[in-house]
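Peer 1: Pasting in a structure now, in structure tokens, and then I'll have a few things to ask.
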Amino acid sequence: MSAPETPTKVLVTGFGPFLNIQTNPSAQITSSLPPTLHTPTPIQIITPPSPIPAAYHKIYTQIPALLDQHDPDIVIHMGLAVERDYFAVERSAGRDGYHEFPDIERKVVTRSENRTWFGKNGEDVLVSGVELEGVVEGWRGYCQEIGVTGRGKGKGKGGGKGVGVDVRLSDDVGTYVCGFMYYVGLREMQRRKGRRDVVFLHVPPLEGDAETAVGVRVVEGLIRAIVDAREE
980 MSAPETPTKV LVTGFGPFLN IQTNPSAQIT SSLPPTLHTP TPIQIITPPS
1030 PIPAAYHKIY TQIPALLDQH DPDIVIHMGL AVERDYFAVE RSAGRDGYHE
1080 FPDIERKVVT RSENRTWFGK NGEDVLVSGV ELEGVVEGWR GYCQEIGVTG
1130 RGKGKGKGGG KGVGVDVRLS DDVGTYVCGF MYYVGLREMQ RRKGRRDVVF
1180 LHVPPLEGDA ETAVGVRVVE GLIRAIVDAR EE
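Just so we're aligned, residue 980 is where the sequence shown starts under our numbering, counting upward by one.
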């Protein structure tokens, strides 16, 4: 009898409260994900016991610690985009700009801290090592049959059974905690693995169990699409 196949380990993180958002859908989705996905190559989903605080300095320490603890093959960071009604994976993250907008602790990343953490010659922009065009195509396929009864706020989260959920490729992660987490995750995976198999997923506002369940299925579809792309 052959030995069981080694699972692909996927670390998924979400954010806690920020600004006036007390219940962050990225955290709700993360906490609702199953521990495994049953595919030809088994997938193990790893989630932290609590959301990542929307605080630069905690992100800077917690993300490397999670990578050291779990040694994932793939990382998916998630955050809320309050102005969007669709799900979007982001292509890249910048090194600079995090001195402008204070986090939940009323702190920023000063220019001096940025130089200390990332080096004077650190790359201005880090791009995901995942082949996102192909991944998004596969992701759309997985999401085609996902739908919920909407509340008239646009079709992005699904307008009925079979309509499908609006999922997109974007390159606008921003210069707040989402962009910072993405840059840190990309940099740290590059240092550990020699490749940047990291994506950042912006999720729209979600309300109630039904919409959270849609978000869970969307993330499961993204995980499957990324693993599929790795195996091609």
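Here a beta-carbon is modelled for each residue, glycine too, at the ideal position from N, C-alpha and C.
Report all residues from its chain with a CB closer than 6 Å to the CB of residue 1060; omit the five preceding and five following residues, and keep chain order.
Peer 2: Indexing the sequence shown from 1 puts residue 1060 at position 81. For residue 1060, where only same-chain residues beyond five positions count, the Cβ hits under 6 Å are 1181.
Peer 1: Rounded to a whole number of angstroms, what is the C-alpha to C-alpha distance between residue 954 and residue 1099?
Peer 2: For the chain, the structure presents residues 980 to 1211; residue 954 sits outside this window and is missing.
Peer 1: Could you tell me the boundaries of the alpha helix (DSSP H) in which residue 1204 lies?
Peer 2: Along the sequence shown, read from residue 1 onward, the residue named residue 1204 stands at position 225. Start and end: 1187 to 1210.
Peer 1: Determine the contact status of residue 1163 and residue 1082, defining contact as a CB-CB distance below 8 Å.
Peer 2: Within the sequence shown, numbered from 1, the residue matching residue 1163 stands at position 184. Within the sequence shown, numbered from 1, the residue matching residue 1082 stands at position 103. No; because the gap between Cβ atoms is not below 8 Å, this pair is not in contact.
Peer 1: Which of the three DSSP states, helix, strand or coil, is assigned to residue 1000?
Peer 2: Sequence index remark: in the sequence shown, residue 1000 carries index 21 (1-based). Residue 1000: strand per DSSP, three-state reduction.
Peer 1: Within a Cβ cutoff of 6 Å, which residues of the same chain sit near residue 1188, ignoring the five residues on either side of it in sequence?
Peer 2: As a working mapping, residue 1188 is identified with position 209 in the sequence shown. Excluding positions up to five away in sequence, the list is empty.
Peer 1: Confirm, please, whether the CB-CB distance from residue 1039 to residue 1096 is below 8 Å.
Peer 2: For the purposes of this step, residue 1096 is taken as the residue at position 117 of the sequence shown. For the purposes of this step, residue 1039 is taken as the residue at position 60 of the sequence shown. For residue 1096 and residue 1039, yes; Cβs fall inside 8 Å.
Peer 1: With distance defined between alpha-carbon atoms, name the residue in 1073, 1087, 1111 nearest to residue 1079.
Peer 2: Here residue 1079 corresponds to residue number 100 of the sequence shown, with the count starting at 1. For residue 1079, the closest C-alpha among the options 1073, 1087, 1111 is that of 1087.
Peer 1: Which residue from 1027, 1050, 997 puts its Cα closest to that of residue 1014?
Peer 2: On the sequence shown, residue 1014 is found 35 positions in, with the first residue counted as 1. Closest in alpha carbon position to residue 1014, among 1027, 1050, 997, is 1027.
Peer 1: Residue 1112 lies in the beta strand (DSSP E); which residues open and close that run?
Peer 2: Walking along the sequence shown from the start, residue 1112 turns up at place 133. Looking at the DSSP string, residue 1112 is not in any beta strand (DSSP E); the run it does join, the alpha helix (DSSP H), is 1111 to 1122.
Peer 1: Measure the alpha-carbon distance for residue 1199 versus residue 1012 and round it to whole angstroms.
Peer 2: Position 220 of the sequence shown holds residue 1199. Position 33 of the sequence shown holds residue 1012. Rounded to the nearest angstrom, the two C-alpha atoms are 8 Å apart.
Peer 1: Please report how far the alpha carbon of residue 1154 lies from the alpha carbon of residue 1106, in whole angstroms.
Peer 2: The count along the sequence shown starts at 1 and reaches residue 1154 at position 175. The count along the sequence shown starts at 1 and reaches residue 1106 at position 127. One C-alpha to the other measures close to 15 Å.
Peer 1: Among all the DSSP beta bridges, which residues are the ones paired with residue 1036?
Peer 2: For the purposes of this step, residue 1036 is taken as the residue at position 57 of the sequence shown. According to DSSP, which records beta bridges pairwise, residue 1036 is partnered with nothing at all.
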